[in-house]
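This report refers to the structure that appears directly beneath it.
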Amino acid sequence: MAVITSTATGNWNATSTWAGGAVPHDTNDDVVIANGHTVTLTGGDACKSLEVQSGGTFDGDGNMMEISGENGSGFAVDIDGAISGTDTDFDIRTPATTDIDLAATSGNVRNLVIQHASCVAQMKSDVSLSGNLTVTSGQLTTGTSGYGYSNLTVTGDCYVAGTLTGNASAISLGSLEVAASGKYNATSGTTTITAEDSVTGFAWDVNGTDSFDNNDGTVLFDLGSGVDSLIRTGQSDGANSFHHLTVLLNASTNTLTMRPNTGTVMTVEGDLTVQEGVFQKNTHSHTLTVTGDVSIESGGKIDATSASGANNFGSITIASGGTYLATSGTTTVSGNFLNLGTFTHND
């Protein structure tokens with residue numbers, strides 16, 4: 010095992026790039042890209058750990074860099090320099106708790122993969138991915154309580170078959186899919202969903218029976234122009250349920266349709282706020298329970314004219330410009346009912 014340091018700008022697999030002419034070994038060498046040097050991949054490659062010093066630059070050039078260990082400072086990847094281009098990808102397979110710092114001075118990592126059952130990758134800086142996040146196994150956590158929590162932004166899709174732990178960080182994901190074997194331990198702050206999976210059409214898809222712990226946080230669906238999307242989460246025993254849920258679509262005509270993972274009951278443990286767009290049940294005979302307050306703001310609407318299942322609300326406020334299309338079954342409100350907008354009772 011050795012520390013291999015760049016001595017010139019060049020390709021990763023060129024002997025002229027590295028001190029002593031030793032191209033880094035796939036699993037044994039800690040690699041350092043020094044100040045003033047740009048190192049570029051010409052194909053998929055690997056090393057034990059990677060450090061990009063201040064003033065140094067790493068360019069993945071569309072290829073995957075696999076990391077199998079960590080350096081003497083406990084980092085699998087430590088980027089204090091720059092990322093060149095828009096297509097740098099990392100696959101971290103460190104079989105232990107390890108630190109990652111992906112906060113480049115310029116540029117962003119595109120895709121990040123965590124895949125080793127024993128890997129716990131701890132973010133030591135804010136992470137902004139221009140592509141996708143995939144936690145195949147192991148865990149990605151936004152930090153530790155003693156160090157402080159970092160924020161996570163994923164422009165593309167997030168797929169979790171291992172564990173994603175949000176702590177108290179700001180989390181923004183293009184879409185979220187949690188496999189039956191996976192777990193999203195949500196932030197106690199806000200998880201923002203900005204798009205939907207282009208293949209499945211789901212903005213949020215939780216497949217397991219215990220795959221989402223809301224941590225008393227808020228989930229905000231802030232979806233882009235023209236998006237009609239789907240949510241799958243929750244079950245009749247209350248597991249996988251949202252705490253606070255906020256719906257902010259691009260237009261009052263766009264819809265966000267919710268279905269339970271199992272059973273016929275969908276529960277929001279806290280408050281439901283519909284700021285813009287239509288929030289409705291996928292199966293209109295199902296039951297929607299909101300333990301806290303329901304607020305329908307101007308441009309917001311709840312349910313469809315064909316709704317027949319029970320709705321149970323802690324309270325409901327319909328602002329001017331807001332609409333509640335009541336179920337033809339029973340709406341139970343345990344607190345205040347304030348209507349300044351449109352209330353359609355549907356018999």
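Each residue of the sequence shown is one higher than the one before, starting from 10 at the first, in the numbering used here.
Heads up, the beta-carbon is just placed ideally off N, CA and C, and yes, glycines get one too.
Keep in mind the model is a prediction, meaning the values are calculated, not measured.
- The count of Cβ pairs closer than 8 Å, one atom from the region 255-268 and one from the region 281-291, reaches three, so the stretches are in contact.
- Counting C-beta atoms within 10 angstroms of its own C-beta, residue 269 has 16 or more neighbours from the protein chains shown and is therefore classed as buried.
- By alpha-carbon distance to residue 224, the top candidate from 174, 182 and 246 is 174.
- Taking the C-beta atoms as reference points, residue 94 is found no nearer than 9 Å to residue 114.
- Residue 30 sits in a helix when the DSSP states are folded into three classes.
- Classified as exposed, residue 104 has fewer than 16 neighbouring CB atoms from the shown chains inside 10 Å of its CB.
- Non-local beta-carbon contacts of residue 100 in its own chain, meaning distances under 6 Å to residues more than five positions away in sequence, involve 73, 75 and 122 in chain order.
- Distance from residue 211 to residue 178 at the Cβ level is roughly 23 Å; contact not present, criterion being Cβ atoms closer than 8 Å.
- Residue pairing by DSSP puts residue 290 in a beta bridge opposite 267.
- Look at the region 65-129 and you find these whole runs of beta strand (DSSP E), each 3 residues long or longer: 66-68, 73-76, 84-88, 98-101 and 106-110.
- When rounded, the separation of the alpha-carbon atoms in residue 19 and residue 139 is 25 Å.
- DSSP places residue 314 outside both helix and strand once states are collapsed to three, so it counts as coil.
- By the C-beta density criterion, residue 159 is buried, having at least 16 other C-beta atoms within 10 angstroms.
- Taking a C-beta distance under 9 Å as the contact criterion, residue 305 and residue 326 qualify as a contact pair.
- Taking C-beta atoms as the reference points, residue 323 and residue 293 fail to come closer than 9 Å.
- Among the bridge pairs identified by DSSP, residue 172 is matched with 148 and 192.
- Judged by DSSP in its simplified three-state form, residue 58 adopts strand.
- In the same chain as residue 59, and ignoring 5 residues on each side of it, the C-beta atoms closer than 6 Å to its own belong to 40 and 86, in chain order.
- Residue 231 is bridged by DSSP to 257.
- In the DSSP assignment, residue 183 falls within the beta strand (DSSP E) that extends over 180-187.
- Ranking 320, 181 and 335 by CA distance to the CA of residue 135 puts 181 first.
- Distance from the CA of residue 255 to the CA of residue 275, rounded to the nearest whole angstrom, comes to 15 Å.
- Between residue 82 and residue 55 the beta-carbon gap is near 20 Å, outside 8 Å, which marks them as no contact.
- Contact between residue 242 and residue 215 is confirmed by a C-beta separation of about 4 Å, below the 8 Å threshold.
- Taking residue 150 as the centre and dropping the five residues before and after it, the same chain places the C-beta of 131 and 174 closer than 6 Å to its C-beta, in chain order.
- Within the model, the alpha-carbon separation for residue 195 versus residue 161 is close to 12 Å.
- Per DSSP, the unbroken beta strand (DSSP E) holding residue 11 starts and ends at 11-14.
- By DSSP's assignment, residue 281 forms a beta bridge with 254 and 303.
- Shown here, residue 201 sits in a strand according to DSSP, grouped into three states.
- Nearest C-alpha to residue 244 among 320, 331, 107 and 298: 298.
- For residue 16, same chain residues with a beta-carbon under 6 Å away, outside a window of 5 residues either side, are 28 in chain order.
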